[in-house]
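Working notes, structure below.
Residue numbers (my numbering): 41 to 290.
Structure follows, in structure tokens:
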């Protein structure tokens, strides 16, 4: 009985390989890889880096406000304002990205003049990513030793000076780690945006892989995305280690 099951399993695997990884499919996949992969990888990197840059530009100051403006922060802000900011961030973070793209189409069209394409995908990516970055920045700043912050304030430093010269410099290693997490997450979103007209490897995997039943293209796109994540993670980990004073003093 077990032998029969093993034979059936082997037969199914053999059929799968014969169907999706036969010489004809692999030859077609190779032609797609040669023609499009380098360009689409560049598009993926362009969209990911642009979205990450703008997400940090918006999310970094927002994360600072979440920490300093808290009721126990160094510059408490009105509770309704903080409740609005927290609510907005939670709302945007809870929305699935694929739905967010569709809901934001009118805003995307108003900003870039169209709702699909590489430039159009960057808008929902930024809106999906900046609340995530803000929470990561908030977490990094809350790790700063409160005694150092208190010392800065007791020496007469203003809130701005304490943030710029104490809190942000002290949290640099953690911020680099957070931004590395953000860029790898945004890279995943970028691949997902191919489902609604965005360019890059995600779009190539869907149009040339899924829709044409060419699993080899899907597998190749997955491998390239995994390599990109590994590169981003390795660079981020290296930079965070170099910026960590505790490791320098060992």
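Every residue, glycine too, gets a C-beta built ideally from N, C-alpha and C. Keep in mind the model is a prediction, meaning the values are calculated, not measured.
Secondary structure note for residue 112: it is in no alpha helix (DSSP H), with a DSSP letter that is neither H nor E. Contact between residue 241 and residue 261 is confirmed by a C-beta separation of about 5 Å, below the 8 Å threshold.
The alpha-carbon of residue 149 is positioned some 58 Å away from that of residue 44. Put simply, of 247, 256 and 97 the residue whose alpha carbon is nearest the alpha carbon of residue 65 is 256. Residue 99 sits close to residue 173, with the two beta carbons spaced by under 8 Å. When C-alpha distances from residue 227 are compared across 266, 198 and 251, the shortest belongs to 266. In this structure, the beta-carbon distance from residue 170 to residue 123 does not fall below 8 Å.
At the C-beta level, residue 109 and residue 117 come within 8 Å of one another.
With a 10 Å radius around the Cβ and a threshold of 16 neighbouring Cβ atoms, residue 214 comes out buried. Boundaries of the alpha helix (DSSP H) around residue 275: 255–283. Taking the Cα of residue 178 as reference, the smallest distance to any Cα among 144, 203, 136 and 168 is reached at 203. Looking at the backbone, the Cα of residue 144 and that of residue 54 are separated by about 45 Å.
Where residue 215 is concerned, the enclosing alpha helix (DSSP H) starts and stops at 212–232. DSSP places residue 119 in the helix class (H, G or I) of the three-state scheme. Taking every protein chain shown into account, the CB of residue 253 has fewer than 16 other CB atoms within 10 angstroms, so this residue is exposed. Non-local C-beta neighbours of residue 132 in its own chain, meaning closer than 6 Å and more than five positions away in sequence, comprise 171, ordered along the chain. Residue 269 is positioned such that its CB atom lies no closer than 8 Å to that of residue 217. Bounds of the alpha helix (DSSP H) holding residue 148 are 145–152. Bounds of the alpha helix (DSSP H) holding residue 172 are 158–182.
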